[in-house]
Amino acid sequence: MRLLVDLYSAGMSEDCLFCRIVSGELPTDLLAESERSIAFRDINPQAPVHVLVVPRRHVPNVGALAAASSDDLADVFALVSQVARSEGVAENHRVVFNTGAGAGQTIFHAHAHVLGGADFSEHGLGL
Ligand code: AMP
Ligand code: ZN
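Per this note's numbering, the very first residue in the sequence shown carries number 556; after that it's consecutive.
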């Protein structure tokens, strides 16, 4: 019970997969981290480079993150940029935030997809 109280007071959701990765409870292929966010490889990559950048704060989507903390939002973008450089895709990559099941969101903890290493140019906005 004490642990649950601690998790909630830290803004975590105990049944959220990304909260469990952020807390270190679940293993991941961690690429970078900051005080406010972490970056790790997507388990089901849709491009040669497919990294997720996740704020440590539990909020359901990027709009809620912007409303909760502009510092957290800025930190996510800083880590996106850092990972794009370290993965060698700084000049050509795509950043996607899905909001809502109808847009393909399956994990309701805000996250950026960083996609690169493939030629997206012929597909326009189609993913
Ligand atoms: P979304 O559909 O925008 O909510 O994105 C969720 C992403 O999380 C998907 O691309 C999944 O492949 C990815 N994913 C699910 N479980 C894990 C995991 N344990 N480690 C890394 N990525 C995951
Ligand atoms: Zn969460």
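Don't be surprised by glycine CBs; every beta carbon is placed ideally from N, CA and C.
Please list the terminal residues of the continuous beta strand (DSSP E) segment that includes residue i.
i           : result
residue 671 : 667-671
residue 686 : An answer regarding residue 686 cannot be provided, because it is not within the stretch 556 to 682 covered by the chain.
When you compare each of the options to residue i by their alpha carbons, which one comes out closest?
i           : options            : result
residue 658 : 677, 617, 647      : 617
residue 586 : 580, 597, 676      : 597
residue 639 : 656, 664, 611, 595 : 595
Expressed to the nearest angstrom, what Euclidean distance is found between the alpha-carbon atoms of residue i and residue j?
i           : j           : result
residue 668 : residue 629 : 15 Å
residue 674 : residue 604 : 12 Å
residue 671 : residue 645 : 9 Å
residue 599 : residue 567 : 24 Å
residue 601 : residue 622 : 29 Å
residue 571 : residue 620 : 16 Å
residue 614 : residue 573 : 11 Å
residue 560 : residue 631 : Confidence at residue 560 is low in this model, with a pLDDT of 49, below 50, so its placement is unreliable and the value that follows should be read with caution. In a straight line, the C-alpha of residue 560 is about 27 Å away from that of residue 631.
residue 641 : residue 661 : 27 Å
residue 626 : residue 676 : 32 Å
residue 609 : residue 624 : 14 Å
If I follow the unbroken alpha helix (DSSP H) through residue i, where does it start and stop?
i           : result
residue 576 : 572-577
residue 639 : 625-641
On the DSSP bridge assignment, give the partners of residue i in chain order.
i           : result
residue 610 : 592
Complete runs of the beta strand (DSSP E) confined to the segment 579-607 [at least 3 residues]: Whole beta strand (DSSP E) segments, 3+ residues: 585-588, 592-596.
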